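Residue numbers (the working numbering), protein chains in the order written: chain Z, 8 to 229; chain D, 8 to 229. By construction, the Cβ of each residue, glycine as well, lies at the ideal position given by its N, Cα and C atoms. Remember, predicted model here, so these are calculated numbers, not experimental data. This report concerns only the one structure given below.
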DNA sequence: TCCGTAGATTATTATTTGGTCATGTTTGCC
DNA sequence: GGCAAACATGACCAAATAATAATCTACGGA
């Protein structure tokens, strides 16, 4: 289970990281809002602990941005300010909880766990994420960097299959079997053709390409 | 919207009741844990604010009992003790949030509202709304942009089903099962035909179309 | 009984999809 | 460097799917 920590104060960060690691979590740490945002959008975290006062981009704006991009990772804010207004702002900007500094680590842990429990109850295993590409299986919608992409049924099925195999290479035969439900080689270039269209919609105009070809082997998304 | 307050201190109770009423909520008040438990089990509340130190039965045990009985009303604990251990106990015994006394009323309100937002996803509504389309399930009326729309029974049932699945795609098979209660494919295009009429009434003359077709998949409202 | 309405069915038309093919491009191997 | 295989790309088109209109049926009330 991976938790993202966005905190600029090194001592606080070290303290939290140590505690969370001991509790069995994998912790990734960002020291400023921009880095935190980038990480949160690329990776899938079970929860995020976000300081409000941060260099480059404050925590509130970071979470607002995340929510705009349909990243629903549960967030708990930390802040030295315990002023009521700040707490309220935190809850309103899309955070799920708020903890004023100084806090006891055990309370932070309890709150994180409560959040994750709650999120697990709601979170449909129905959304897939790879880097800044998100797929909502129920609404049948796909976003790249927060921007909605229109996909046809077959394209959707193909992308879903690739995303379910996030990082793994899938051969054309496997694609044919899963997406087309053929048990034979159709002797045509359906897959290539469909991959091409998918690329056009998913990767075009994006610096970072997600769909990769492995000659003679297959395709993978990453 | 009804909120349950379980608090033995009269002054605190009066203060909270007044504030919540001003915010437009109906508040019911119990002064001890047993009464609170009884109320929470009989009535349906949008949220509960529960003091931990209570006569007859303490707040923690009250909520544990509630949860055992599958009452999932969101609970926010209040307590004079701000000791970390107590907070953790609160979260672990099935509470959704914890607020130490003294607190600012506006923070309590924000937290209650955040909790209710989260819980709203599960709750059973009496009216459904999607964009500027509203359906009153009790009076069986539908409005688009404030303008009433006359629907036939089947059309109403169909629209209700779509709206209950707001944003989610429903296949024609699912529609047939829910709206017509057939467990087989009627081999006709009833659904398409009814959708067409529904569109005529709901989306005609409106810039923003709400009923969407997903070829080969189904329909959704959004 | 007759009419009106709700709702189902059928027929027709319109639209979209997704597979195929032809061609262009890249890659890796000898 | 030349070559063949693998892959990318774009245009095309037939089949699948859906929208719409028209027609039919069943039922309840005047």
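Beta-ladder partner(s) of residue i, from DSSP
i                      : result
residue 228 of chain D : D/218
residue 35 of chain Z  : Z/11
residue 154 of chain D : D/151
residue 84 of chain D  : D/57 and D/105
residue 115 of chain Z : Answer is none; residue 115 of chain Z lacks a bridge partner.
residue 137 of chain Z : Z/140
Within-9 angstroms CB hit, residue i to chain Z
i                      : result
residue 215 of chain D : no
residue 108 of chain D : no
residue 18 of chain D  : no
residue 59 of chain D  : no
residue 227 of chain D : yes
residue 221 of chain D : yes
residue 176 of chain D : yes
residue 95 of chain D  : yes
residue 218 of chain D : no
residue 224 of chain D : yes
residue 130 of chain D : Reliability fails at residue 130 of chain D, whose pLDDT of 49 lies under 50, so the model's placement of it is uncertain and the value that follows must be treated cautiously. False, the Cβ-Cβ gap to chain Z never drops below 9 angstroms.
Helix, strand or coil at residue i [DSSP, three-state]
i                      : result
residue 195 of chain D : coil
residue 58 of chain Z  : strand
residue 128 of chain D : With a pLDDT of 49 at residue 128 of chain D, under the threshold of 50, the modelled position of that residue is not reliable, and the figure given next carries that caveat. Of the three classes helix, strand and coil, the one that applies to residue 128 of chain D here is coil, per DSSP.
residue 110 of chain Z : coil
residue 73 of chain D  : helix
residue 52 of chain Z  : coil
residue 190 of chain Z : coil
residue 178 of chain D : coil
residue 66 of chain D  : helix
residue 209 of chain Z : helix
residue 202 of chain D : helix
residue 79 of chain Z  : coil
residue 47 of chain D  : helix
residue 223 of chain Z : coil
residue 18 of chain Z  : helix
residue 29 of chain Z  : helix
residue 146 of chain D : coil
residue 7 of chain D   : One cannot answer for residue 7 of chain D here, as it falls past the ends of chain D, which runs 8 to 229.
9 angstroms Cβ cutoff, residue i in contact with chain D
i                      : result
residue 121 of chain Z : yes
residue 103 of chain Z : yes
residue 204 of chain Z : no
residue 147 of chain Z : yes
residue 75 of chain Z  : no
residue 117 of chain Z : yes
residue 125 of chain Z : yes
residue 134 of chain Z : no
residue 14 of chain Z  : no
residue 86 of chain Z  : no
residue 113 of chain Z : yes
residue 209 of chain Z : no
The ligand GTP heavy atom lying under 8 angstroms from the CB of residue i
i                      : result
residue 170 of chain D : Summarising the ligand content, the structure contains no ligands, and the ligand GTP is consequently not present.
Environment of residue i [buried if 16+ CB atoms lie within 10 Å]
i                      : result
residue 227 of chain D : buried
residue 212 of chain D : exposed
residue 221 of chain Z : exposed
residue 189 of chain D : exposed
residue 100 of chain D : buried
residue 18 of chain Z  : exposed
residue 172 of chain D : buried
residue 118 of chain D : buried
residue 23 of chain Z  : buried
residue 48 of chain Z  : buried
residue 33 of chain Z  : exposed
residue 31 of chain Z  : exposed
residue 130 of chain D : In this prediction, residue 130 of chain D scores a pLDDT of 49, lower than 50, which makes its location untrustworthy; the coordinate-derived value is nonetheless stated afterwards. The residue is exposed, with fewer than 16 neighbouring Cβ atoms inside 10 Å.
Review point. Which residues, in chain order, does the segment 41–72 of chain Z contribute to contact with chain D at a C-beta distance below 8 angstroms?
Key: Within the segment 41–72 of chain Z, no residue has a Cβ that lies closer than 8 angstroms to any Cβ of chain D.
Review point. Mind listing which residues of the segment 150–173 of chain Z have their C-beta closer than 9 angstroms to chain D's C-betas, in chain order?
Key: Listed in sequence order: 159, 160, 161 and 163.
**Study point:** Residues of the segment 19–31 of chain D with Cβ closer than 7 angstroms to any Cβ of chain Z, in chain order
**Key:** Within the segment 19–31 of chain D, no residue qualifies.
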